[in-house]
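Student: Just so you know, the sequences run in chain order A and B. Residues 9 to 699, numbered by the numbering used here, are exactly what the first sequence covers, in order. Residues 694 to 881, numbered by the numbering used here, are exactly what the second sequence covers, in order. Structure provided below as structure tokens; questions to follow.
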Amino acid sequence: MSSGSSGSKALAEFVAEATETLDGLGRELLALDERRGQEPDPAALNAVFRAAHSLKGLAAMFQQDRVTRLAHRAEDVLDRLRLGRLSLSDAVLDALIESVDVFQALLAEASRGEESPELGRRAEAVAQRLGGVGEAVAQAGADPLDRLPLEPSVRAVFTEYEEHRLRENVRRGVPLWRVRAAFDLADFDTGLAELNARLKPLGEVISTLPSAEPGGGTGIAFDLLVGVKAPEAELRAALEGTPAELTALPVREEPQAPPALHRVPEPAPGPGPEDGAGRVEPEGSLRSLTQTVRVDIRRLDGLMNTVGELLLIKANLQRLAESARQEGGAVLSKLWGQELQRESRQLERKLDALQSGLLEARMVPLGQVFDKLARLVRRIAREAGKELELALSGGEVELDKLIVEELSDPLMHIIRNAIDHGVEAPEARARAGKPRRAVLSLSASQKGNHVVIEVGDDGAGLNELRIREVALSRGLITPAQAAEMSRRELLNLIFLPGFSTARSVSELSGRGVGLDVVKNNISNLSGIIDVWSEPGRGTVFTLTLPVTLAIIRALVVGVSGRTYAVPLNSVLEILSVQPADIHTVERREVLDVRGQTLPFTRLSRLFALPERGGPGGRQFAVVVGLAQERMGLAVDELYGQQDIVVKPLGARLQSVRGISGATDLGNRRTVLVLDVAGLMEEGMAGERKRA
Amino acid sequence: MARLSELLDEFFYRPDEDVSALDALLAGGEEVPVAAPEELPQEFLAFELQGECYAVPIGQVREIVKVPPLTELPRAPAHLLGVMNLRGDVMPVYGLKKRLNLVDVPAVRAGPDAVPAPRAARIVVVHGGSEGGAGIWVDAIRDVVRLRPSTLEPAPAGIASGERPAVVGLGRRGPELFILLDLEQALA
Chain A
9 MSSGSSGSKA
19 LAEFVAEATE
29 TLDGLGRELL
39 ALDERRGQEP
49 DPAALNAVFR
59 AAHSLKGLAA
69 MFQQDRVTRL
79 AHRAEDVLDR
89 LRLGRLSLSD
99 AVLDALIESV
109 DVFQALLAEA
119 SRGEESPELG
129 RRAEAVAQRL
139 GGVGEAVAQA
149 GADPLDRLPL
159 EPSVRAVFTE
169 YEEHRLRENV
179 RRGVPLWRVR
189 AAFDLADFDT
199 GLAELNARLK
209 PLGEVISTLP
219 SAEPGGGTGI
229 AFDLLVGVKA
239 PEAELRAALE
249 GTPAELTALP
259 VREEPQAPPA
269 LHRVPEPAPG
279 PGPEDGAGRV
289 EPEGSLRSLT
299 QTVRVDIRRL
309 DGLMNTVGEL
319 LLIKANLQRL
329 AESARQEGGA
339 VLSKLWGQEL
349 QRESRQLERK
359 LDALQSGLLE
369 ARMVPLGQVF
379 DKLARLVRRI
389 AREAGKELEL
399 ALSGGEVELD
409 KLIVEELSDP
419 LMHIIRNAID
429 HGVEAPEARA
439 RAGKPRRAVL
449 SLSASQKGNH
459 VVIEVGDDGA
469 GLNELRIREV
479 ALSRGLITPA
489 QAAEMSRREL
499 LNLIFLPGFS
509 TARSVSELSG
519 RGVGLDVVKN
529 NISNLSGIID
539 VWSEPGRGTV
549 FTLTLPVTLA
559 IIRALVVGVS
569 GRTYAVPLNS
579 VLEILSVQPA
589 DIHTVERREV
599 LDVRGQTLPF
609 TRLSRLFALP
619 ERGGPGGRQF
629 AVVVGLAQER
639 MGLAVDELYG
649 QQDIVVKPLG
659 ARLQSVRGIS
669 GATDLGNRRT
679 VLVLDVAGLM
689 EEGMAGERKR
699 A
Chain B
694 MARLSELLDE
704 FFYRPDEDVS
714 ALDALLAGGE
724 EVPVAAPEEL
734 PQEFLAFELQ
744 GECYAVPIGQ
754 VREIVKVPPL
764 TELPRAPAHL
774 LGVMNLRGDV
784 MPVYGLKKRL
794 NLVDVPAVRA
804 GPDAVPAPRA
814 ARIVVVHGGS
824 EGGAGIWVDA
834 IRDVVRLRPS
844 TLEPAPAGIA
854 SGERPAVVGL
864 GRRGPELFIL
874 LDLEQALA
């Protein structure tokens, strides 16, 4: 490993780029995996091959020998696959999928500058497996390419892959077309891209060649060979408005019966995942190894434009300031005032645009995490002996990169739990009259400023009686409390520290890390987690998270002369409270709101501040809510709303409860931001303790 | 006059110009002291707390700032005076007086009931390692002093007692006494 900052920078670049390549590779493999047993999509195969190829090149450039070796082996197998010399059997696919995990582990070690011998052996084992798997496809009969009306000069320039795809199309009887199009030299690239985009949905663009026939004085012509199953009329309609001419490439009749695909009998499956050596450690984190966010250049262009306009406004403001200075003590004209006001409004608008643009640039689709989880689900299910189908939806929902990163580990934990404890074994499911294959669903949807992620299974569900029993035996609740608890409250006991219903400590989830850690992780993201379960029908974990943590809108309130900011996304309403509205139930204050009682917490008491009260004994209740919980927070003053940038309190102050960070309201005074989820939990816990 | 020459010494002293050994050699002295020149004086930042003079190794100090408005953190430990905003970063500010038994009840330095900071008071910002930076309230900054490690004394018995001794030693320069602090212990 090279030392020094240039070395580590290069390494960081390598890890960032390799991770991106690997993500793409994993995604395409997953697509192939989902359609297991069917004819693999040639475009997907080719994409995986290209990814492996670039990974190899990248690793070789940065002297990452272990990655290079494995990538080389994977590339080799994939090359044979895409050229049809090898068929995609389950063993090949499994080996490839496992190689992705090993790549990930290799990159993780590389980013830490380590090279552990165990991982080296594992990489070697996977490489061996990749080398040994697969069945060769025997080619028989005459070359179908001979049956195409193609000039030898054209045939000579085909790549091996193009030849293979042409053969495949002929073999399957897909009609082949020659699309000839001439473009102006100035913009042929856009024309060609458009043509490709139109052809793609209809079939496969096998080859793009410069045409033998000249395309006019300043033009260039191309021959595209495409295989299109759709009827000719549809193809012609799709090419409407482009300079393309369509010519059919008739396939000459075959002299004898079509050659059947002879498959070499499948060899005994290679060492499976159950084999200790090649096993991937389940506790590996799914977090990205890189802090890089990929941003569409158009988004950056938009930001750049906004900055340009801000500079214009700055120039205008300078001019106004200059004219004010020159007039000296004289009363400024009305016109000057109007102009200043206009400029400041412009400034505000542009700053808004800049802010939202920057936030957008931080957004990444949740699908990035979902893809990684999907790979994991397959492996865990196999190891746990469960038959499982994963239903993903909402992968396009976007969240702040920071949140997406922090989410992957808690989600992984919940999913492990679901597979390990939630879903029954296939035989048990069959006995219960359920399909053998369980369904695990992972879905995301956006609701206003929040994103809701649901992890559901159709397993046995949570047993609240057993939960109660365990909570009682561990002393987490008293019998009196247990008697009063609703089903939802009982279910939510599983998030308490020290709780675990797993009778047998399973290899998968029994690592001493419970759901309380998951809950903590989610709380740190200002999110909440909730669980609901129907006996025999399944369990659903619901995570509600803010879209971004970077800039949020906040309500600024005053309590005992102190100022605090409350994130507006958790504020439901604000009530003016008269002393008569406050009642006590078992010495606990509640608020009567439109005939409903609401837990009422005085921030001043919670924070042990001297109680001052607003002018005239007036008080406000800020009603905060997350998921189904509601609580009224008593404050003395309301100062208004403001966009704030929340800064973390730092490592030294991690143990401070009820505060999620600090912000600056523009007067150089630091204002604390309330952790609503934490405060609510505290308020509710107080209730439980008192009960 | 002794004080003046001492001051000049401190001002002009360069370890590589230390030729006392050579002088001794030229004078024909038999016993040549060899080991001494390696000892470089260490620099400490000296500051005042409740009239006493304390010092910390200067390498631990990041910067010294005037006391900004501090924000109190509810339910925080007593020695945490509050948080401040240092060029956009939130930084905790600690008071050591209670920890060092200089006062029984530390003054409130943050929030609406805060006692205004004296003009000479400063916040010493320390690097703080993995825990992150932290500010330390001092009543006044004295000086940067150079002390030779060999002249440092261990803390006298009875002061260094306690589970986590914050006072690690004493340094002397002429009549002045500096109480040397271990910041990590003091902040823990």
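Note that the Cβ used here is the ideal one computed from N, Cα and C, for glycine as well. Since the model is a prediction, treat every value here as computed from it, not as a measurement.
For D41 (chain A), which three-state DSSP category applies?
Tutor: helix
Student: Among B:L793, B:A810 and B:L795, which residue has its Cα nearest to the Cα of V801 (chain B)?
Tutor: B:A810
Student: Residues in the same chain with beta-carbon distance under 8 Å from V653 (chain A), minus the five sequence neighbours each way, listed in chain order, please.
Tutor: Excluding its 5 nearest sequence neighbours in each direction, V653 (chain A) has C-beta neighbours in its own chain below 8 Å: A558, I559, T671 and D672, listed in chain order.
Student: How is the beta strand (DSSP E) around A189 (chain A) delimited, first residue to last?
Tutor: L184 to D192
Student: Throw me the rounded Cβ distance for the E171 (chain A) and L153 (chain A) pair, which I believe falls under 8 Å.
Tutor: 6 Å
Student: Mind listing which residues of the stretch 650–682 of chain A have their C-beta closer than 8 Å to chain B's C-betas, in chain order?
Tutor: K655, P656, L657, G658, A659, R660, L661, V664, R665, G666, I667, G669, A670, D672, R676, R677, T678, V679 and L680
Student: By Cβ distance, which residues of its chain are closer than 7 Å to E689 (chain A), with the 5 residues on each side in sequence left out?
Tutor: Cβ within range, chain order: n/a, list empty.
Student: Identify every residue that forms a DSSP beta bridge with V8 (chain A).
Tutor: This structure cannot settle anything about residue 8 (chain A), because the visible part of chain A is limited to 9 through 699.
Student: According to DSSP, simplified to helix, strand and coil, what is M69 (chain A)?
Tutor: helix
Student: For the stretch 818–844 of chain B, enumerate the residues whose C-beta is nearer than 9 Å to any C-beta of chain A, in chain order.
Tutor: G821, S823, E824, G825, G826 and A827
Student: At 8 Å on the CB atoms, spell out the chain B contacts of R137 (chain A), in chain order.
Tutor: Residues of chain B passing the Cβ test: none, with the nearest at roughly 41 Å.
Student: Let me check understanding here. Comparing Cα to Cα, which of A:G65, A:L101, A:D73 and A:N54 lies closest to R90 (chain A)?
Tutor: A:N54
Student: Assuming I803 (chain B) and L763 (chain B) are in contact, meaning their beta carbons sit under 8 Å apart, how far apart are those beta carbons, in whole angstroms?
Tutor: Before going on, a small fix: residue 803 (chain B) reads as Ala here, not Ile. Taking 8 Å as the upper bound for CB-CB distance, A803 (chain B) and L763 (chain B) are in contact here, some 4 Å apart.
Student: For L243 (chain A), go through chain B and note every residue whose CB falls closer than 9 Å to its CB, in chain order.
Tutor: Within chain B, no residue comes near L243 (chain A); the closest Cβ sits about 60 Å away, beyond 9 Å.
Student: For A82 (chain A), tell me which candidate among A:A99, A:L104, A:M69 and A:L66 has the shortest Cα-Cα distance.
Tutor: The residue with the shortest Cα to Cα distance from A82 (chain A) is A:L104.
Student: If you reduce the DSSP assignment to three classes, tell me which class Q650 (chain A) lands in.
Tutor: strand
Student: What are the residues of the stretch 562–585 of chain A that lie near chain B, defined by any Cβ-Cβ distance shorter than 7 Å?
Tutor: G569 and R570
Student: Contact criterion: CB-CB distance below 7 Å. Does L789 (chain B) meet it with respect to chain E?
Tutor: You won't find chain E in this structure, because its protein chains are A and B.
Student: For A255 (chain A), which residues of its own chain have a beta-carbon under 6 Å away from its beta-carbon, when the five flanking residues on both sides are left out?
Tutor: In the sequence as presented, Ala is not what sits at residue 255 (chain A); that position holds Thr. Here the set comprises R186.
Student: Do L876 (chain B) and Q753 (chain B) have their CB atoms nearer than 7 Å?
Tutor: Yes; because the gap between Cβ atoms is below 7 Å, this pair is in contact.
Student: What does the alpha-carbon distance come out to for the pair E435 (chain A) and G249 (chain A)?
Tutor: 59 Å
Student: Starting from N577 (chain A), trace the alpha helix (DSSP H) both ways and give me its first and last residue.
Tutor: Unbroken run through N577 (chain A): none, as it is neither H nor E.
Student: Run the CB neighbour count on A399 (chain A), radius 10 Å, all protein chains shown included, and call it buried at 16 or more, exposed below.
Tutor: exposed
Student: Going along chain B in order, which residues have a C-beta closer than 7 Å to the C-beta of F615 (chain A)?
Tutor: P767 and R768
Student: Buried or exposed for L407 (chain A), please, with buried defined as at least 16 other CB atoms from any protein chain shown within 10 angstroms of its CB.
Tutor: buried
Student: Is P125 (chain A) near the ligand ZN, with its Cβ less than 6 Å from a heavy atom?
Tutor: In terms of ligand content, the structure shown is empty, and the ligand ZN therefore cannot be addressed.
Student: For L889 (chain B) and F549 (chain A), I'd like the C-alpha separation in whole angstroms.
Tutor: Since the first residue of chain B shown is 694 and the last is 881, residue 889 (chain B) is not available in this structure.
Student: Taking a Cβ distance cut-off of 7 Å, strictly less, list which residues of the stretch 788–810 of chain B are near chain A, in chain order.
Tutor: From the stretch 788–810 of chain B, only G804 and P805 have a Cβ closer than 7 Å to chain A.
Student: Indicate whether at least one CB of chain A lies closer than 7 Å to the CB of V754 (chain B).
Tutor: So, not an interface residue.
Student: Using CA atoms only, rank isn't needed, just tell me which of A:L94, A:R77 and A:A20 is closest to P48 (chain A).
Tutor: A:L94
Student: Counting only beta-carbon separations shorter than 7 Å, does P785 (chain B) have a partner in chain A?
Tutor: Flagged as an interface residue toward chain A: P785 (chain B), by a C-beta distance shorter than 7 Å.
Student: Let me confirm a value: P183 (chain A) is counted as buried when at least 16 other C-beta atoms fall within 10 Å, else exposed. Which label applies?
Tutor: With 16 or more other Cβ atoms within 10 Å, it is buried.
Student: What does the alpha-carbon distance come out to for the pair A562 (chain A) and P575 (chain A)?
Tutor: 4 Å
Student: According to the neighbour-count rule (16 or more other Cβ atoms, all chains shown, within 10 Å of its Cβ), is E515 (chain A) buried or exposed?
Tutor: Here the model assigns E515 (chain A) a pLDDT of 39, short of 50, so the residue's position is not dependable, and the following value carries that caveat. Flag for E515 (chain A) reads exposed.
Student: Of all Cβ atoms in chain A, is any one closer than 7 Å to the Cβ of H772 (chain B)?
Tutor: no
Student: I'd like to know if the stretch 412–423 of chain A and the stretch 372–385 of chain A are in contact, where contact means that at least 3 CB-CB pairs between them fall below 8 Å.
Tutor: yes
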